[in-house]
Amino acid sequence: MRYSRSGTVAVNTIKKTDKLAFNVIGYVVLGAISLLCLVPFLITLSGSVTKDSALFEYGYRLIPKMFSLEAYELIFRTPEVIVGAYTVTILLVVSGTVLGLFLTAMTAYVLHRRDFKYRNKFSFFFFFTTLFSGGLVPWYLVMINLGLKNSFLALLLPHLFAVFHIIIMRTFFTGIPESLGESAKIDGAGDLTIFVRLYLPISLPALSTIGLFIALTYWNDWYQAMLFITKPSLIPLQYHLYKIFNSMEAAQIVAQKTGMPVAQMPTETFKLAMTVVVTGPIILVYPFVQKYFVKGMTVGAVKG
Amino acid sequence: MLFLMLTPAVVYFIIFHYVPMGGVIVAFKYFEFDKGILHSPWVGFKNFSFFFESGQAWLLTKNTILYNLAFILVGMVFQVGVAILFSELGGKRIKKFLQSTMLLPYFISWVVVGSFVYGIFNYEFGSLNTLLRTLGMDPVDIYGNPSVWFFIIVGFYLWKLIGYGSIVYLAAIMGINPELYESAELDGANIFQRIRYITLPLLKVTIVIMILLQVGGILRGNLDMFYQLVGNNGLLFNTTDVIDTFVFRALYQQGLDLGMPAAAGLYQSAVGFVIIISLNYIIKKVNPDYALF
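Spelled out as structure tokens, the structure:
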């Protein structure tokens, strides 16, 4: 009796030290990874509010050596450039998300309907494109032949549909009891009405997650712009940032517009400040949307 | 009515996916813009032989596959590891905070990541060299040193996707019946034993499926990432160029000779297709539960 009791005590203490050790190591590891995830943001932010000359002398640091807002002043001396890029991106995100979400859901709705005879054939028709594609060049030529060069549609169309999103949405619809649509049908409602009036409102959780995915794709896209856009008024945010980092031409345009010689411009901190201006909104909305994102993702993962 | 509702998607996929599939004939032509795809002269397999004989095909294939293998392996180890830590640790608020910071990189564009990489590694005033100088050491020229880029790219792949990937695995862990853990605890299993004998075996299905999905796309390179981190820095191409960046550069820079990049793209698509079909066929034979489709 006494033996076994002390035995349990011993096991319990072992378990406790185990747990403690695990917790300590666990928090240190996770904390270190989180810190690493955060550091690049902090360095960029700090660099953007450093005096350009101090950056050249002392390098990128976590805490600015000489505080200065000269880079931001330079950006907002010609606000029309950044405002223009913002306008393109916001228009793109809003129109792309609304249209893409509606079309994705509508397609998924049809494919989920058991009474739709060709649903498997059409599902395969969409799915096959994830297995085989013609590659970049033929696709590019199709876009060019449609006259999409330097048009807003060249930015909008490529991300309108993603097979992955259609599949997630279809899975979600399959979880809705069929009786819902059937009773409405008896009352004389058409398919489109049932989809818009009944299915869309109760699918908000799935719609918000996929909408977030679509919005993020549009917000972060630089690629379509690089391929198809040369007109300055159609350049979205990310491609604007890319050009600032990768071409001298961008600095020269600023010089021309502000009348400030390139040599005197805070060119390095200008790049960093632009990164902050481009990334800022994402970081600001991030805490609010993150929740939906995680929720939707886990639902999708469990259901396959 | 259902047909009508499906029309936009069908038309879209025909124009932007199936017509380009037919357009692969460009790979067998000497493409001239003014003549268009149909009227450009045929050249047989000349574009392919040029692509293979230049030695490019082998290098690009090797790079693409090696990078993807590294992504699959390193990604899995870290993402599963982080997911297990999150599932076992207490402290809801701290965990939520840590999870949020890890997911943050997923939300920003590769252009921004590229700017971060430049900020850390550029020779004159990057953070790394600033640190080295402070410590009294010699600065290093990362952008002139191809051999370290494998690690940088894999590192930033991990950096961007560790939060996202671990959420997928965490969801799978959360789906495990908690009674299993309770009874194991009653039987005297410690935390490491529980992970080893409950969590890992039950995560196997998710892990295998995730790996298979990635292996199916082993010839696809993430252009977004490679192009934004390396750009047009030819010094680094030997260790960083993948099929996708090669095709993209050819298209973007020359804009004229499209036959060879089209051939490279078709080679990638066709071999990738064979890989994924045979992979799925084998899986179906071995264990149908894991089949991709």
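Chains A and B are the protein sequences, given in the same order.
Just so you know, we're using this note's numbering here: the first sequence kicks off at 1 and counts up by one.
Just so you know, we're using this note's numbering here: the second sequence kicks off at 1001 and counts up by one.
Glycine included, C-beta positions come from ideal geometry on N, C-alpha and C.
These numbers were taken from a predicted model, which means no experiment stands behind them.
Taking the CA atoms as reference points, S1183 of chain B sits about 23 Å from G1091 of chain B. A check of alpha carbon separations from N1222 of chain B across B:E1179, B:A1027, B:I1153 identifies B:I1153 as the nearest. Counting other Cβ atoms within 10 Å of its Cβ, P64 of chain A reaches 16 or more and is therefore classed as buried. In this structure, I1142 of chain B sits near F1121 of chain B, with a CB-CB distance shorter than 7 Å. If the five residues before and after G1265 of chain B are omitted, its C-beta is found closer than 6 Å to the C-beta atoms of V1247, all from its own chain and listed in chain order. For M143 of chain A, the number of other beta carbons within 10 angstroms of its own is at least 16, and it is reported as buried.
Interface flag for A1009 of chain B against chain A is set, since a Cβ pair is found closer than 7 Å. Rounded to the nearest whole angstrom, the C-alpha separation of N1280 of chain B and V1286 of chain B is 10 Å. Under the Cβ distance rule, M106 of chain A counts among the residues neighbouring chain B, one pair being separated by less than 7 Å. Among the CB atoms of chain A, none fall inside 7 Å of the CB of P1146 of chain B.
The three-state reading of DSSP puts K1029 of chain B in strand, counting E and B together.
For F67 of chain A, the pairing in a beta bridge is given by DSSP as A:T50. Within a 10 Å sphere around the beta-carbon of T17 of chain A sit fewer than 16 other beta-carbons, which makes this residue exposed.
Non-local beta-carbon contacts of M274 of chain A in its own chain, meaning distances under 7 Å to residues more than five positions away in sequence, involve I75, L241, I244 in chain order.
For Y242 of chain A, the enclosing alpha helix (DSSP H) starts and ends at 237-246.
Taking a 10 Å sphere around the C-beta of A85 of chain A, we find 16 or more other C-beta atoms and assign the residue as buried. DSSP places W222 of chain A in the coil class of the three-state scheme, outside both helix and strand.
If you look at K117 of chain A, you'll find it isn't in any alpha helix (DSSP H); DSSP assigns it neither H nor E. When CB distances to chain A are screened at a threshold of 7 Å, the residues of the stretch 1023-1035 of chain B falling below it are G1023, V1024, V1026, in chain order.
Using beta-carbon distances, F1125 of chain B counts as an interface residue toward chain A, with a partner under 7 Å. Looking at the backbone, the Cα of T174 of chain A and that of R119 of chain A are separated by about 13 Å.
A residue is called buried when at least 16 other Cβ atoms come within 10 angstroms of its Cβ; T1007 of chain B does not meet this threshold and is exposed. Membership of N1280 of chain B in the alpha helix (DSSP H) is indicated by the continuous run 1259-1286.
Annotated as distal: M106 of chain A and M1076 of chain B, with beta-carbon spacing of 7 Å or more.
If you ignore the 5 residues before and after G100 of chain A, its C-beta comes within less than 6 Å of the C-beta of L160, I214, all in its own chain and listed in chain order. Our two residues, S95 of chain A and G211 of chain A, have alpha carbons roughly 11 Å apart in a direct line.
Among the residues of chain B, none has a CB under 9 Å from the CB of G181 of chain A; the nearest is roughly 12 Å distant. The CB of S1040 of chain B never comes closer than 8 Å to any CB in chain A; the least such distance is about 11 Å. At a cut-off of 7 Å between beta-carbon atoms, L1186 of chain B makes no contact with chain A.
Rounded to whole angstroms, the Cβ separation of D1224 of chain B and Y223 of chain A is 7 Å, and the two are in contact under 8 Å. The contact set of L103 of chain A on chain B, defined by CB atoms closer than 7 Å, consists of P1008, A1009 in chain order. By the Cβ-count criterion, A1027 of chain B is buried, with 16 or more other Cβ atoms from all chains shown falling within 10 Å of its own Cβ.
In chain order, F1293 make up the part of chain B whose C-beta sits under 9 Å from the C-beta of F127 of chain A.
Taking the Cα positions, F288 of chain A is about 48 Å away from F1033 of chain B. If you compare the alpha carbons of A:V254, A:V49, A:A32 with that of V276 of chain A, the shortest gap goes to A:V49.
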